[in-house]
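**Student:** In the working numbering, the protein residues as written are 2 to 442. Got a structure for you, questions after.
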Amino acid sequence: MSHVFHRHLKQQYPTAVAGDGPWLIDSQGRRYLDACGGAAVSCLGHSDSEVQEAISEQVQRLAYAHSSFFTTEPMEELADFLVAHAPEGLESVYFVSGGSEAVEAALKMARQYFLEIGQPQRRHVVARRQSYHGNTLGALAAGGNAWRRKPFEPLLLEMSHVSPCYAWRHQWADESEADYVERLAAELEERIEQLGPENVMAFVAEPVVGATLGAVPAVNGYFRRIREICDRHGILLILDEVMCGMGRTGSLFAAEQEGISADLITIAKGLGAGYQPIGATLVSARIRDAIANGSGFFQHGHTYIGHATACAAALAVQQAVQSRGLLARVRTLGEGLNQRLQQRFAEHPHVGDIRGRGLFRGLELVADRDSKAPFDASLNLNGRVKMAAMEQGLMCYPAGGTLDGRQGDHILLAPPFILDESHLDEIVDRLGRAIDQALPA
Ligand code: PMP
2 MSHVFHRHLK
12 QQYPTAVAGD
22 GPWLIDSQGR
32 RYLDACGGAA
42 VSCLGHSDSE
52 VQEAISEQVQ
62 RLAYAHSSFF
72 TTEPMEELAD
82 FLVAHAPEGL
92 ESVYFVSGGS
102 EAVEAALKMA
112 RQYFLEIGQP
122 QRRHVVARRQ
132 SYHGNTLGAL
142 AAGGNAWRRK
152 PFEPLLLEMS
162 HVSPCYAWRH
172 QWADESEADY
182 VERLAAELEE
192 RIEQLGPENV
202 MAFVAEPVVG
212 ATLGAVPAVN
222 GYFRRIREIC
232 DRHGILLILD
242 EVMCGMGRTG
252 SLFAAEQEGI
262 SADLITIAKG
272 LGAGYQPIGA
282 TLVSARIRDA
292 IANGSGFFQH
302 GHTYIGHATA
312 CAAALAVQQA
322 VQSRGLLARV
332 RTLGEGLNQR
342 LQQRFAEHPH
352 VGDIRGRGLF
362 RGLELVADRD
372 SKAPFDASLN
382 LNGRVKMAAM
392 EQGLMCYPAG
402 GTLDGRQGDH
412 ILLAPPFILD
422 ESHLDEIVDR
432 LGRAIDQALP
442 A
């Protein structure tokens, strides 16, 4: 019996022993085409020699130095790189070990900012239903994924949730995009008024919703309207790009495509591409300056902040993304993937929607296409698709939100940026077989 406390204790996991580009190989020699990068992580695939060398070099020179004693070259260089490529106004980077930690840091930084500028009453966070911001208690409280929250509800901080921007399901048939945006804006305004605008600290959202809904971008103009509302009330905008950032949607930051910047942006996953665990919170000059000119100290911290080897790995990953022109490739491959998904599934009786941006694509599975009724949650259809896909030698990510208390079934694709066109055919072919195999008879 395994002594590992596995994610699922009633399940047997194959043992992954090697990586080969977009493939993972298990101890039986079976090969799995990684069409989801695990959870939108492995954007350079699994055997990038440049990143491997950068890690090895760094470990031999200096593996780690604690951030309360030293800075390090890779941490400084990575921060310089990120700020040079970040949306306007983000001028400082706080390094952590993953996505949840990045969200926790953003929330605490927002809080400390308001203490520093003499607005201690600002403490409310508004986020969105059907979102995911991580599994630590603060990030879980911000998230609106009912299934993930449920067992821990009594432990969660009170945060406020408004509707997501999820047009396929919630935009009315006779409603224009602009009117839909206005309806969501009015809902947010109303919530802010209820809480008292002077008490609200931050609004948190994923530019493209990942783990809960499977690659749902907002409609045009939504985020510009959100930005405007936040600014008018002095509320900080936190964009969670842990999943959709770092090139995944075809631009380094997803916010670029919304034409806005944020006060804080969280990133992880594609930052280190899985070669090392790393995340970061990008911080606006305004927040950094308030803390720098006030107490001078962010009252937070973890042992592995700015881990030298993790930063060296992430720097090598990001340099590879730039030098190999992979953002353009994400856009081209993303279109190719979308076309193939449309060809294969547009008429499929149980695929309600096909959506996404770049190499971040989702399918929503429904029991009935006309009514958009989901499958019964007890079927655990997205879990079954994941298992059937593994049998087909394919990894896809089962994203699950909740719809009126019922689980929705979404399949998320987030393959590496290094694929060629033939891999796209493989992905869609294997996924089609997996879905058909998993569907109830
Ligand atoms: N935010 C978003 C948008 C995510 O998708 C995730 C992970 N799926 C997290 C935060 C949490 O990241 P981690 O699992 O690295 O803690």
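Where is the CB? At the ideal position from N, CA and C, for every residue including glycine. Note that the coordinates shown come from a computational prediction; the quantities given were computed from them, not determined experimentally.
Report all residues from its chain with a CB closer than 7 Å to the CB of H86; omit the five preceding and five following residues, and keep chain order.
**Tutor:** Position 85 of the sequence shown, counting from 1, holds the residue named residue 86. Excluding sequence neighbours, H86 sits near L253.
**Student:** How about R341 and L425: are their beta carbons less than 8 Å apart?
**Tutor:** The residue you call residue 341 lines up with position 340 of the sequence shown. The residue you call residue 425 lines up with position 424 of the sequence shown. Yes, Cβ-Cβ distance for R341 and L425 is below 8 Å.
**Student:** Near D371, what residues of its chain come up, given a Cβ to Cβ distance below 6 Å and the 5 sequence neighbours on each side ignored?
**Tutor:** As a working note, residue 371 is residue 370 in the sequence shown. Same-chain partners within the cutoff: there are none.
**Student:** Taking buried to mean at least 16 other C-beta atoms within 10 Å of its own C-beta, is S98 buried or exposed?
**Tutor:** To locate residue 98, count along the sequence shown from 1; it is residue 97. Per the 10 Å Cβ criterion, buried.
**Student:** If contact is defined by three or more beta carbon pairs under 8 Å, each pair taking one atom from either stretch, is the segment 237-247 in contact with the segment 176-194?
**Tutor:** Contact between the segment 176-194 and the segment 237-247 is absent, because fewer than three Cβ pairs lie under 8 Å.
**Student:** Quick check: is any heavy atom of the ligand PMP less than 7 Å from the C-beta of D241?
**Tutor:** In the sequence shown, the residue the question calls residue 241 occupies position 240. Yes, since a heavy atom of the ligand PMP falls inside the 7 Å radius drawn around the Cβ of D241.
**Student:** Could you tell me if the beta carbon of H349 falls within a distance shorter than 7 Å of some heavy atom in the ligand PMP?
**Tutor:** Working through the sequence shown from its first residue, we reach residue 349 at position 348. No, the beta carbon of H349 sits no closer than 7 Å to any heavy atom of the ligand PMP.
**Student:** What do you get for V18, buried or exposed, if any count of 16 or more other CB atoms within 10 angstroms of its CB means buried?
**Tutor:** One-based indexing of the sequence shown puts residue 18 at position 17. V18 is exposed by the Cβ-count criterion.
**Student:** Does the segment 295-308 touch the segment 112-123, meaning 3 or more C-beta pairs lie closer than 8 Å?
**Tutor:** Enough Cβ pairs lie closer than 8 Å, so yes.
**Student:** Terminal residues of the continuous alpha helix (DSSP H) containing G384?
**Tutor:** For this step, residue 384 is matched to residue 383 along the sequence shown. G384 -> alpha helix (DSSP H) spans 382-392.
**Student:** Verify the contact flag: E207, CB atom, against every heavy atom of the ligand PMP, threshold strictly below 7 Å.
**Tutor:** Along the sequence shown, one-based indexing puts residue 207 at 206. Because some heavy atom of the ligand PMP lies under 7 Å away, the Cβ of E207 counts as near it: yes.
**Student:** I'd like to know whether the C-beta atoms of A64 and T73 end up nearer to each other than 8 Å.
**Tutor:** Numbered from its first residue, the sequence shown carries residue 64 at position 63. Numbered from its first residue, the sequence shown carries residue 73 at position 72. Contact flag unset, no.
**Student:** Rounding to the nearest angstrom, what Cα-Cα distance links P375 and V367 in this structure?
**Tutor:** For this step, residue 375 is matched to residue 374 along the sequence shown. For this step, residue 367 is matched to residue 366 along the sequence shown. Between P375 and V367, the C-alpha separation is close to 4 Å.
**Student:** Could you check whether A281 and Y95 sit closer than 8 Å to each other, using their CB atoms as the reference points?
**Tutor:** Along the sequence shown, read from residue 1 onward, the residue named residue 95 stands at position 94. Along the sequence shown, read from residue 1 onward, the residue named residue 281 stands at position 280. A contact, by the Cβ cut-off of 8 Å.
**Student:** Among all the DSSP beta bridges, which residues are the ones paired with F346?
**Tutor:** Counting from one through the sequence shown, the residue named residue 346 turns up at place 345. F346 is not bridged to any residue.
**Student:** Should V126 be listed as close to the ligand PMP, given that the test is whether its C-beta is under 7 Å from any heavy atom?
**Tutor:** Translated into the one-based positions of the sequence shown, residue 126 becomes position 125. The answer is no for V126.
**Student:** Looking at P330: is its Cβ nearer than 8 Å to the Cβ of V209?
**Tutor:** For the purposes of this step, residue 330 is identified with residue 329 of the sequence shown, where counting begins at 1. For the purposes of this step, residue 209 is identified with residue 208 of the sequence shown, where counting begins at 1. The sequence given here places Arg at residue 330; Pro does not occur at that position. Not a contact, by the Cβ cut-off of 8 Å.
**Student:** For L157, which residues in the same chain have their Cβ closer than 7 Å to its Cβ, ignoring the five residues on either side in sequence?
**Tutor:** Numbered from 1 along the sequence shown, position 156 holds the residue referred to as residue 157. The answer, listed in chain order, is L138, L141, A142, R150.
**Student:** Do you know how far the Cα of G409 is from the Cα of Y398?
**Tutor:** The residue given as residue 398 occupies position 397 in the sequence shown. The residue given as residue 409 occupies position 408 in the sequence shown. Those two C-alpha atoms are separated by around 14 Å.
**Student:** Report yes if the CB atom of E242 is closer than 8 Å to the CB atom of I268, and no otherwise.
**Tutor:** On the sequence shown, position 241 is the one that residue 242 refers to. On the sequence shown, position 267 is the one that residue 268 refers to. For E242 and I268, yes; Cβs fall inside 8 Å.
**Student:** Identify the continuous beta strand (DSSP E) that holds V352 and give its terminal residues.
**Tutor:** As a working note, residue 352 is residue 351 in the sequence shown. Residues 352-358.
**Student:** According to the Cβ coordinates, are L214 and H411 closer than 8 Å?
**Tutor:** Working through the sequence shown from its first residue, we reach residue 214 at position 213. Working through the sequence shown from its first residue, we reach residue 411 at position 410. Cβ atoms of L214 and H411: closer than 8 Å.
**Student:** Measuring only the C-alpha atoms, how far is L265 from V284?
**Tutor:** Position 264 of the sequence shown, counted from the first residue, corresponds to residue 265. Position 283 of the sequence shown, counted from the first residue, corresponds to residue 284. Those two C-alpha atoms are separated by around 5 Å.
**Student:** Classify G326 as buried or exposed, calling it buried when 16 or more other Cβ atoms lie within 10 Å of its own Cβ.
**Tutor:** Position 325 of the sequence shown, counted from the first residue, corresponds to residue 326. With fewer than 16 other Cβ atoms within 10 Å, it is exposed.
**Student:** Let me check you understand the geometry: is the CB of V104 closer than 7 Å to at least one non-hydrogen atom of the ligand PMP?
**Tutor:** Residue mapping note: residue 104 aligns to position 103 of the sequence shown, counting from 1. Yes - the ligand PMP has a heavy atom lying nearer than 7 Å to the Cβ of V104.
**Student:** Should the segment 157-171 be called in touch with the segment 123-133, which here means at least 3 C-beta pairs below 8 Å?
**Tutor:** Contact between the segment 157-171 and the segment 123-133 is present, because at least three Cβ pairs lie under 8 Å.
**Student:** Across which residues does DSSP place I239 in a beta bridge pair?
**Tutor:** The residue labelled residue 239 in the question sits at position 238 within the sequence shown. Bridge partners of I239: V205, L265.
**Student:** When DSSP builds the beta bridges, which residues end up paired with T282?
**Tutor:** Here residue 282 refers to the residue found at position 281 when the sequence shown is read from its first residue. Answer by DSSP bridge pairing, in chain order: Y95, T267.
**Student:** Given 7 Å as the limit, tell me if S48 has its C-beta closer than that to any heavy atom belonging to the ligand PMP.
**Tutor:** Residue numbering aside, residue 48 sits at position 47 when the sequence shown is read from its first letter. No; taking the cut-off as 7 Å, the Cβ of S48 has no heavy atom of the ligand PMP nearer than that.
**Student:** Between V42 and A274, which are expected to be in contact by the criterion C-beta below 8 Å, what is the C-beta distance as a whole number of angstroms?
**Tutor:** Mapped onto the sequence shown, residue 42 falls at position 41. Mapped onto the sequence shown, residue 274 falls at position 273. Sure, about 7 Å apart at Cβ, within 8 Å.
**Student:** Closer than 7 Å by C-beta to E422: which residues in its own chain qualify, once you throw out the five before and the five after it? Chain order, please.
**Tutor:** Taking the first residue of the sequence shown as 1, we reach residue 422 at position 421. G337.
**Student:** For A186, does the three-state DSSP call read helix, strand or coil?
**Tutor:** If you number the sequence shown from 1, residue 186 lands on position 185. Three-state result, A186: helix.
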